[in-house]
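In the numbering used here, the protein residues as written are 8 to 474.
C-beta: ideal position from N, C-alpha, C; glycine also.
Read through the structure below, which is laid out as structure tokens, and then see the notes.
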Ligand code: SAH
Ligand code: SF4
Ligand code: F3S
């Protein structure tokens, strides 16, 4: 029996156990879209095990956390939540399970065992698929369980999945990361880079199209190096519908009928080969918003970060894409206050932001991560200084976003309608190709469809449009 079949047996056993019990679970997901996709798989397993989802803590028989550790604030959030749960655990005896990236850090699992001994299950990123087995053991044998391994987990296909949306779906195309940017914990908690088989991805997207999904987002820590490690290390993979690289994957998905939009995060600037640029240009369904993580604008800082490109190379890549891809726009990630970054070097970051005019900038204050080279650097920047730089960058970004949003006014935009607006149920909400939120009046029947809207006004976080 393969691993997934074994887990399906456990799913059955737990479902038997839960029969007529109306068990409910609450799930808290932290971190990136990869974690959200993992949570959709956990929800899929729980669904099949007879649990229903609730948003109310007090109703839950099982509380599940899928954690992130990319920055410090995630830890504060988890420990805060666990503090709250202690009482509920004592009163009601709910099951508490914690999984995800943070559980791959030894100092964290140690702290949980010492300070929060009431936690029932701890599982890591490489053992997510074994959640049914872990849960069964808790239910049946009532003993605490730690299921974290430190080797690169295999890629398991065929896990159940319960997606959050019926219109947009995430598809993880690779796990792990081999880049070891010196600030980043991800390679240590997600293991080495490994790609899914082309057939598995293509078949998943075809199935999504059949179910009526309109948009797919391809996920990975370094998507434009899809299958590169396999080729370099001569690890066997099966070419399927011409897919043997990221560019050919985009082309193959572009042909799948029913899918109308393709997005992907995150690519790495160092791997942006011409074939990928041309695929973005040639594939009509691939959105022309490219997320191109900058991290820092100064060449010396980039070198210290181990990013493998210079300021000039980054700007040249942006220029090249602007020349080759009509209407291309960019979004990015930036870290301020990396160890040793001087005021002058930080200004290079502002300079790049000024030059590129991003649609969206995700800004982060550098956070020391135990075990990374950045944490061992001696020239750490004082908190106060980091915050000052952050505020300066934020002010610049906000002024630019205002400007870029103004450009939309009066234009026609294709919008994929995602549902009712959260703040006003009489309005609909959707997104443009460039991922801008648009709010407009329209019939509910339009949900899940593409509509052409005229943009009539801009607001800080969204646009208003009319049909
Ligand atoms: N693989 C992706 C994203 C990784 S994590 C990429 O390379 O772009 C998402 C973002 O978190 C990163 O792009 C980076 O901007 C930020 N980040 C990662 N480690 C960080 C740290 N130690 N402190 C602050 N921000 C960090
Ligand atoms: Fe982290 Fe760099 Fe890998 Fe992104 S590419 S996950 S920032 S090590
Ligand atoms: Fe966080 Fe893990 Fe994603 S550390 S950013 S959830 S890969």
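CA-to-CA distance, residue 284 to residue 92, given in whole angstroms: As a first step, residue 92 is located in the chain shown; it is residue number 85 there, counting from the start. As a first step, residue 284 is located in the chain shown; it is residue number 277 there, counting from the start. Cα to Cα, residue 92 sits roughly 49 Å from residue 284.
Comparing the CB of residue 42 with every heavy atom of ligand 5, is any distance shorter than 7 Å? Ligand 5 is absent from the structure shown, which contains only ligand 1, ligand 2 and ligand 3.
Around the C-beta of residue 165, are 16 or more other C-beta atoms found within 10 angstroms, so that it is buried, or is it exposed? Indexing the chain shown from 1 puts residue 165 at position 158. Label assigned to residue 165: exposed.
Does DSSP put residue 254 in a helix, in a strand, or in coil? Position 247 of the chain shown holds residue 254. The answer is helix: DSSP assigns residue 254 an H, G or I state.
Please report the distance separating the alpha-carbon of residue 187 from that of residue 343. Against the chain shown, residue 187 aligns to sequence position 180. Against the chain shown, residue 343 aligns to sequence position 336. Residue 187 and residue 343: Cα-Cα distance of roughly 18 Å.
By the three-class DSSP mapping on this structure, what secondary structure does residue 342 have? Position 335 of the chain shown holds residue 342. Strand, per DSSP.
Listed by chain order, which residues have C-beta atoms less than 6 Å from any heavy atom of ligand 2? 184, 186, 187, 188, 191, 193, 194, 228, 229, 275
Determine the extent of the beta strand (DSSP E) in which residue 433 is found, giving its start and end residues. As a working note, residue 433 is residue 426 in the chain shown. Residue 433 -> no beta strand (DSSP E), and no H or E assigned at all.
For residue 328, is the classification buried or exposed, using 16 other Cβ atoms within 10 angstroms of its Cβ as the cut-off for buried? By 1-based counting over the chain shown, the position of residue 328 is 321. So residue 328 ends up on the buried side.
Classification of residue 228 by the beta-carbon crowding that lies within 10 angstroms, buried from 16 upward: In the chain shown, residue 228 corresponds to position 221, counting from 1. Buried: at least 16 other Cβ atoms inside 10 Å.
Say yes only if the C-beta of residue 270 is nearer than 7 Å to one or more non-hydrogen atoms of ligand 3, and no if none qualify. The sequence position of residue 270 within the chain shown is 263, counting from 1. No, since every heavy atom of ligand 3 falls outside the 7 Å radius drawn around the Cβ of residue 270.
Reference residue 27; option with closest CA among 39, 45, 56, 42: Here residue 27 corresponds to residue number 20 of the chain shown, with the count starting at 1. Residue 27 has its Cα closest to that of 56, out of 39, 45, 56, 42.
Where does residue 330 sit, in a helix, a strand or coil, going by DSSP? Your numbering for residue 330 matches position 323 in the chain shown. In this structure, residue 330 counts as helix in the three-state DSSP scheme.
Nearest to residue 289 by alpha carbon, out of 370, 261, 267? As a working mapping, residue 289 is identified with position 282 in the chain shown. Answer by Cα proximity: 261.
Under 8 Å, do residue 196 and residue 108 count as touching if we go by C-beta distance? What you label residue 196 is simply residue 189 of the chain shown in a count that begins at 1. What you label residue 108 is simply residue 101 of the chain shown in a count that begins at 1. Cβ distance < 8 Å, so residue 196 and residue 108 count as in contact.
Where does residue 373 land, buried or exposed, given buried means 16+ other C-beta within 10 angstroms? Looking up residue 373 in the chain shown gives position 366. With 16 or more other Cβ atoms within 10 Å, it is buried.
Please give the ranges of any alpha helix (DSSP H) in the region 85-144, keeping only runs that are unbroken, at least 4 residues long and fully inside the region. 113-122
Around the C-beta of residue 222, are 16 or more other C-beta atoms found within 10 angstroms, so that it is buried, or is it exposed? Start at 1 with the first residue of the chain shown, and residue 222 comes out as number 215. Its Cβ being crowded by 16 or more others within 10 Å, residue 222 is buried.
Within the continuous alpha helix (DSSP H) that includes residue 208, where are the two ends? If you number the chain shown from 1, residue 208 lands on position 201. Unbroken alpha helix (DSSP H) run through residue 208: 205-217.
Hey, would you say the C-beta of residue 155 is under 7 Å away from at least one heavy atom of ligand 3? Locating residue 155 in the chain shown gives position 148, counting from the first residue. Residue 155: no, Cβ never under 7 Å from ligand 3.
Extent of the continuous beta strand (DSSP E) run through residue 31: The residue you call residue 31 lines up with position 24 of the chain shown. From DSSP, the beta strand (DSSP E) with residue 31 extends over 31-36.
Residue 275 - DSSP class collapsed to helix/strand/coil: Here residue 275 corresponds to residue number 268 of the chain shown, with the count starting at 1. Coil, per DSSP.
Are the beta-carbon atoms belonging to residue 412 and residue 465 less than 8 Å from one another? Here residue 412 refers to the residue found at position 405 of the chain shown. Here residue 465 refers to the residue found at position 458 of the chain shown. Closer than 8 Å, so yes.
In or out: residue 355 buried (at least 16 other Cβ within 10 Å) or exposed? To locate residue 355, count along the chain shown from 1; it is residue 348. Label assigned to residue 355: buried.
Comparing C-alpha positions only, which one of 200, 201, 215 sits nearest to residue 169? Stepping through the chain shown from its first residue, residue 169 is reached at position 162. That would be 215, whose Cα lies nearest to the Cα of residue 169.
Is residue 14 buried or exposed, if buried means 16 or more other CB atoms sit within 10 Å of its CB? As a first step, residue 14 must be located in the chain shown, where it is residue number 7. So residue 14 ends up on the buried side.
Residues of its chain near residue 346, where Cβ-Cβ distance is below 7 Å and the 5 sequence neighbours each way are ignored: In the chain shown, residue 346 corresponds to position 339, counting from 1. Counting only Cβ-Cβ distances below 7 Å, and skipping sequence neighbours, we find 381, 384, 386, 387, 388.
So for residue 238, helix, strand or coil by DSSP? As a first step, residue 238 must be located in the chain shown, where it is residue number 231. Helix.
Beta bridge counterpart(s) of residue 154 as assigned by DSSP: Translated into the one-based positions of the chain shown, residue 154 becomes position 147. The partner list for residue 154 (beta bridge, DSSP) reads 130.
Exposed unless 16 or more other CB atoms sit within 10 angstroms - verdict on residue 396: To locate residue 396, count along the chain shown from 1; it is residue 389. With 16 or more Cβ atoms within 10 Å of its Cβ, residue 396 is classed as buried.
Measuring straight from C-alpha to C-alpha, what distance separates residue 154 and residue 242? Reading the chain shown from its first residue, position 147 is the one you call residue 154. Reading the chain shown from its first residue, position 235 is the one you call residue 242. Cα to Cα, residue 154 sits roughly 28 Å from residue 242.
Report the CB separation of residue 257 from residue 269 in whole angstroms; it is logged as a contact under 8 Å. Position 250 of the chain shown, counted from the start, is the residue given in the question as residue 257. Position 262 of the chain shown, counted from the start, is the residue given in the question as residue 269. Residue 257 to residue 269, Cβ: 7 Å. Contact.
Where residue 296 falls: helix, strand or coil (DSSP): For the purposes of this step, residue 296 is identified with residue 289 of the chain shown, where counting begins at 1. Strand at residue 296.
Please classify residue 74: does DSSP put it in a helix, a strand, or coil? For this step, residue 74 is matched to residue 67 along the chain shown. Of the three classes helix, strand and coil, the one that applies to residue 74 here is strand, per DSSP.
Apart from the five residues just before and just after residue 312, which ones in its own chain have a Cβ nearer than 7 Å to its Cβ? Residue 312 sits at position 305 when you count from the first residue of the chain shown. Correct list, in chain order: 188, 189, 190, 302, 303, 345.
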